[in-house]
Amino acid sequence: MKIGLLFGSFNPIHVGHMVIANYMLEFTDLERLWIVVSPHNPLKEKKGLLANNHRFALVQEAIGDHPKMKASKIEFNLPQPSYTINTLTYLKEKHPKDEFVLIMGSDNLNTFHKWKNYESILENYQLYIYPRPNEVGDDLKNHPNVKITEAPLMDISSSFIREAIRNKKNVSHFMPEPVARYVQEMNFYKK
154 MKIGLLFGSF NPIHVGHMVI ANYMLEFTDL ERLWIVVSPH NPLKEKKGLL
204 ANNHRFALVQ EAIGDHPKMK ASKIEFNLPQ PSYTINTLTY LKEKHPKDEF
254 VLIMGSDNLN TFHKWKNYES ILENYQLYIY PRPNEVGDDL KNHPNVKITE
304 APLMDISSSF IREAIRNKKN VSHFMPEPVA RYVQEMNFYK K
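Under my numbering, the first residue of the sequence shown is numbered 154, with each subsequent residue one higher.
Below you can see the structure in the form of structure tokens.
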């Protein structure tokens with residue numbers, strides 16, 4: 154089975170993430186999509202990150218009963234900080250018959266050379282790239298394992314949502330309804 158892996162902090166997951174996930178399932182050759190909640194991205198600050206279990210619960214709420222999507226907390230039990238190459242290696246060992254594809258925004262492709270063992274990832278895995286406001290770097294976009302998709306440009310971020318909530322703005326429509334309700338009930342991001 155061909156499984157797309159959408160990694161992220163999902164702090165919180167929002168409609169932009171879900172649009173990209175839906176696009177990848179409907180307009181590429183992916184058969185399944187796992188939304189992988191990362192405990193800590195080594196290239197990002199950990200400050201302000203909700204607890205792992207809450208971010209995982211938000212992803213589960215966002216997915217609901219979608220038959221082709223799955224929330225994954227695979228990285229919760231792997232060494233920290235989370236390195237994609239380690240997760241991919243672990244998944245390949247556990248699911249040898251499946252083919253894993255890395256889904257990422259064009260902004261991540263621009264810094265991909267900073268990732269641990271990025272050459273190995275490029276050599277052994279396909280990367281499906283969705284557009285972000287920053288242009289895709291020329292270095293990697295022509296690599297045979299890099300596929301630039303026509304996914305909608307989603308100029309929305311979790312940091313924007315967190316900041317808006319801190320400023321007492323109603324951003325409930327920026328998140329799937331069950332996620333917005335969970336965030337509201339738990340009083341997340343208000344401080």
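C-beta: ideal position from N, C-alpha, C; glycine also.
Outcome for residue i when other beta-carbon atoms lying within 10 angstroms are tallied against a minimum of 16
i	result
residue 180	exposed
residue 264	exposed
residue 167	buried
residue 257	buried
residue 169	buried
residue 339	exposed
residue 319	exposed
residue 228	buried
Proximal residues to residue i (C-beta, below 7 Å), its chain only, five neighbours per side dropped
i	result
residue 172	305 and 307
For residue i, the residue or residues it bridges with in DSSP
i	result
residue 258	283
residue 161	190
residue 185	156
residue 299	280
residue 223	187
residue 253	156
Minimum C-alpha distance to residue i - residue among the options
i	options	result
residue 311	329, 234 and 233	329
residue 234	332, 255, 191 and 163	191
residue 273	207, 240, 217 and 159	240
residue 331	188, 213 and 206	213
residue 189	249, 218, 253 and 303	253
Cut-off 6 Å between Cβ atoms - residues of its own chain near residue i, not counting five sequence neighbours on either side
i	result
residue 183	155, 157 and 177
Own chain residues within Cβ distance below 8 Å of residue i, not counting five before or after
i	result
residue 210	335
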